[in-house]
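**Student:** Take any residue in the sequence shown, note its place counting from 1, add 67, and you have its number in our numbering. Heads up, the beta-carbon is just placed ideally off N, CA and C, and yes, glycines get one too. One structure follows; several queries about it will come next.
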Amino acid sequence: METVKRISLIVLLIGLFCLGFWIGYSYCCLPEKSDGFSKAVHVSFDDVVWVLEDLKQNERRYESAFDNEFLAELKHMHEDYGACFTLYVFEKADGFDIGDMPVKYRKELKENTSWLKWGFHWISPDFDKNISLDDFKMSFFNVQNAISKFADSSSLSHVLRLHYFYGNDSIVSFLDSCNIKGLLCADDDRCSYDLTKQENEFMQKNFYVRRDVEYFKTNIRLENSLFLYYDLERLRNKDTLVIFTHEWAYDTRLHRFNYYKLCLNLEWLKKNGYKFTFLE
68 METVKRISLI VLLIGLFCLG FWIGYSYCCL PEKSDGFSKA VHVSFDDVVW VLEDLKQNER
128 RYESAFDNEF LAELKHMHED YGACFTLYVF EKADGFDIGD MPVKYRKELK ENTSWLKWGF
188 HWISPDFDKN ISLDDFKMSF FNVQNAISKF ADSSSLSHVL RLHYFYGNDS IVSFLDSCNI
248 KGLLCADDDR CSYDLTKQEN EFMQKNFYVR RDVEYFKTNI RLENSLFLYY DLERLRNKDT
308 LVIFTHEWAY DTRLHRFNYY KLCLNLEWLK KNGYKFTFLE
């Protein structure tokens, strides 16, 4: 029995060594230069609420919005790589209401709209696909007004990713009427928003336009990207890339590895001539 346990342990250790080697190789040896032409990349965070809570709670202590650790990291990545970011926010979460955000940081956030934008994600972390159009409209307008108040209307993103990629025909028609230009779709092959199966299949390979709204496939969910080399190699010749993660998955205190992955992504994108864009 002891011999079997030892053999099992040795096999396990060898397996972990091999896995560690391939992961390390993935991050040390990124793909060769991309052959794409008009190369553009969109980078965003979903489920954003902690940064807003922190800015509100520390209104008296912070002299700058970038005293917040998360925003400070994004600013450094913008300065180092030229990256642009969109933060998709909830209206309410855990007692927080975006309508309560202070205007203290407005001037500063307005001055940084060239690389930092904010957009509606959903009412709250609790998802309900049976949401009424009236409730959706109210929440959307509340978020739009709050962003315009604490950051400026120029900070509003016109390309959104809704919670769980959900939006029926009525919701998408409403967003179209509100000058929303694009929707970011799922990072897998599920149907997003109001797309039919056939439309979704077409969008997976290209992008799709309905009414005046463009539908873009999300290419990389950063927290699920274990072998970064293979993800970038698979996508390296695409002209448009959409990369995202979640605020909770990026938290540098708990998920430093995801921060490291994001920096490597941005470094490779910069070296390969991708233009950081809001896809607007």
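What is the DSSP secondary structure of GLU116, counted as helix, strand or coil?
**Tutor:** One detail in the question is off: residue 116 reads as Val in this sequence, not Glu. Reduced to three states, the DSSP call for VAL116 is coil.
**Student:** Where does GLY186 fall in DSSP's three states?
**Tutor:** DSSP places GLY186 in strand when its eight states are reduced to three.
**Student:** Could you tell me which of GLY340, ILE238 and HIS313 sits nearest to TRP117, measuring between CA atoms?
**Tutor:** Selected option, being the one with the closest Cα: HIS313.
**Student:** Evaluate MET205 with the Cβ neighbour count: other Cβ atoms within 10 Å of its Cβ, from every protein chain shown; 16 or more gives buried, anything less gives exposed.
**Tutor:** So MET205 counts as exposed.
**Student:** Indicate whether LYS184 and PHE345 have their beta-carbon atoms separated by less than 8 Å.
**Tutor:** Taking 8 Å as the Cβ cut-off, LYS184 and PHE345 qualify as a contacting pair.
**Student:** Taking the alpha carbon of ASP164 as the reference point, which residue from GLN211, LEU251, ASP195 and LYS337 has its own alpha carbon closest?
**Tutor:** Closest by alpha carbon: GLN211.
**Student:** Counting C-beta neighbours from all protein chains within 10 Å, is the total for LYS284 16 or more, i.e. buried, or is it exposed?
**Tutor:** Looking at its Cβ environment, which holds 16 or more other Cβ atoms inside 10 Å, LYS284 is buried.
**Student:** Going by DSSP, what residue range makes up the alpha helix (DSSP H) through VAL239?
**Tutor:** Its alpha helix (DSSP H) spans residues 236 to 244.
**Student:** Considering only the alpha carbon of each residue, which of TRP182, PHE207 and LEU329 lies closest to PHE157?
**Tutor:** The residue with the shortest Cα to Cα distance from PHE157 is PHE207.
**Student:** I'd like the span of the alpha helix (DSSP H) that includes ARG128, first residue to last.
**Tutor:** From DSSP, ARG128 is part of no alpha helix (DSSP H); its letter is neither H nor E.
**Student:** Please classify ALA150: does DSSP put it in a helix, a strand, or coil?
**Tutor:** Of the three classes helix, strand and coil, the one that applies to ALA150 here is coil, per DSSP.
**Student:** State whether the region 214 to 233 contacts the region 185 to 201, with contact taken as three or more CB pairs (one from each stretch) at a distance under 8 Å.
**Tutor:** Cβ pair count under 8 Å is three or more, so yes.
**Student:** Considering only the alpha carbon of each residue, which of SER131, PHE274 and ASN304 lies closest to GLY249?
**Tutor:** Selected option, being the one with the closest Cα: PHE274.
**Student:** Counting Cβ pairs closer than 8 Å, one from the region 136 to 152 and one from the region 323 to 341, do we hit at least three?
**Tutor:** Verdict: yes, contact present.
**Student:** Once the 5 residues before and after ILE190 are set aside, which same chain residues still bring their CB inside 6 Å of it?
**Tutor:** Within the same chain, ILE190 has close Cβ partners GLU158 and SER206.
**Student:** Whole angstroms is fine: what's the gap from TYR282's alpha carbon to LEU308's?
**Tutor:** Distance between the alpha carbons of TYR282 and LEU308 is about 13 Å.
**Student:** Pick helix, strand or coil for ASP279, following the three-state DSSP scheme.
**Tutor:** Coil, per DSSP.
**Student:** So if DSSP puts ARG50 in a beta bridge, which residue, or which two residues, is it bridged to?
**Tutor:** Since the first residue shown for the chain is 68 and the last is 347, residue 50 is missing from the structure and cannot be characterised.
**Student:** May I ask which residues mark the beginning and end of the beta strand (DSSP E) holding ILE310?
**Tutor:** From DSSP, the beta strand (DSSP E) with ILE310 extends over 307 to 313.
**Student:** With H, G and I counted as helix, E and B as strand and the rest as coil, what does DSSP make of SER191?
**Tutor:** Three-state DSSP puts SER191 in coil, outside helix and strand.
**Student:** For PHE194 and ASP113, what's the separation of their Cα atoms in angstroms?
**Tutor:** Looking at the two C-alpha atoms, the distance is approximately 14 Å.
**Student:** Take LYS342 and list the residues in its own chain whose beta-carbon comes closer than 6 Å to its own, dropping the five residues that flank it on each side.
**Tutor:** Correct list, in chain order: ALA107.
**Student:** List the residues that DSSP assigns as beta-bridge partners of LYS342.
**Tutor:** ALA107, per the DSSP bridge assignment.
**Student:** How many Å lie between CYS245 and CYS252 at the Cα?
**Tutor:** Their Cα atoms are separated by approximately 19 Å.
**Student:** Put PHE294 into one of helix, strand or coil per three-state DSSP.
**Tutor:** Three-state DSSP puts PHE294 in coil, outside helix and strand.
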